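Read through the structure below, which is laid out as structure tokens, and then see the notes.
Residue numbers (my numbering), protein chains in the order written: chain A, 8 to 124; chain B, 4 to 117.
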């Protein structure tokens, strides 16, 4: 089946620093990748949708200057949390939609736990 | 606007007992429907999905779900729960709005008693 990886799985950083999270589709090409944020014991909140080669579309209330998304290739999207603060601590999950077949299914990565001290 | 409701935040069942997790959606047309499971600290694993056709869908790990258009429901069931099924379960819908965005329910946390 389609596999999506995320790196790193866990990251701890100091307040004010930037953190980059990678999302890769390992065995398929992804036209669209999605970034979600999950608060403890809560559901997934869609942050943004990124299409390869174009600017990401951010959901209402998500700061685009704080959460920089780049989708440089059909297999890689990155989320950079800039000037991270403790309130940015969360579980970030990406998903990818396959290019082939016009599928309606998203394949999810294992998530990245970000802790900002 | 599309929405997904999972009325039960927590459910506790004994191992070997049957399970039903409820999911109701709000959408003008028939959406695509999904159930995902999330173990602690992990990503989401797809259990099953419904796009069209037979309204009773079989998934992995012995799970099934039934789409009922009249009730706008897509409840997840399992005849006999195993301790390893303890996890968080999310129902999700996707509608052909052109944006391919999932909408997730708030999740149901399943606890299994030995």
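Heads up, the beta-carbon is just placed ideally off N, CA and C, and yes, glycines get one too. Quantities reported herein were computed from a predicted structural model and do not represent experimental measurements.
- Item | residue 71(B) burial status per 10 Å Cβ neighbour count (16 or more: buried) | exposed
- Query: Would you call residue 80(A) buried or exposed, if buried means 16 or more other Cβ atoms sit within 10 Å of its Cβ?
  - Reply: exposed
- Query: What residues in the segment 19 to 53 of chain A bring their beta carbon closer than 8 Å to a beta carbon of chain B?
  - Reply: Residues of the segment 19 to 53 of chain A that bring their beta carbon within less than 8 Å of a beta carbon in chain B comprise 39, 41, 48, 49, 50, 51 and 53, in sequence order.
- Query: Helix, strand or coil for residue 112(A) per DSSP?
  - Reply: coil
- Item | Partner residues on chain B for residue 85(A), Cβ-Cβ distance less than 9 Å | Annotation: residue 85(A) has no Cβ neighbours in chain B at a cutoff of 9 Å; minimum Cβ distance is about 17 Å.
- Query: So is residue 122(B) buried or exposed if we call it buried at 16+ other beta carbons inside 10 Å?
  - Reply: Given a span of 4 to 117 for chain B in the structure shown, any question on residue 122(B) remains unanswerable.
- Closest Cβ-Cβ distance between residue 30(B) and chain A: below 8 Å? no
- Query: Which residues in chain B sit within 8 Å of residue 117(A), going by Cβ to Cβ distance?
  - Reply: 45 and 46
- Query: By the criterion of Cβ-Cβ separation under 9 Å, what are the contact partners of residue 105(B) in chain A?
  - Reply: 41, 43, 51, 53, 102 and 113
- Kindly list, in the order they appear in chain A, the residues whose Cβ is closer than 9 Å to that of residue 93(B). Ordered by position in chain A, the residues that pass the 9 Å Cβ test against residue 93(B) are 50 and 51.
- What residues are listed by DSSP as bridge partners for residue 81(B)? 22(B)
- Task: Please report how far the alpha carbon of residue 9(A) lies from the alpha carbon of residue 101(A), in whole angstroms.
- Result: 14 Å
- Item | Cutoff 7 Å; reference residue 7(B); Cβ partners in own chain excluding five residues on either side | Beyond the five residues adjoining it in sequence on each side, residue 7(B) comes within less than 7 Å, by CB distance, of 26, 28, 94, 95, 96, 106, 107 and 108 in the same chain, given in chain order.
- Cross-chain neighbours of residue 126(B) in chain A, by beta carbon under 9 Å: Examination of residue 126(B) is not possible in this model, given that chain B is present from 4 through 117 alone.
- Does the beta-carbon distance from residue 28(A) to residue 55(A) come in below 8 Å? no
- Message: Can you find the residues in the same chain that come closer than 7 Å, C-beta to C-beta, to residue 6(A), ignoring five residues on each side of it along the sequence?
- Response: Past the boundaries of the shown model lies residue 6(A); chain A is included only from 8 to 124, so the question cannot be answered.
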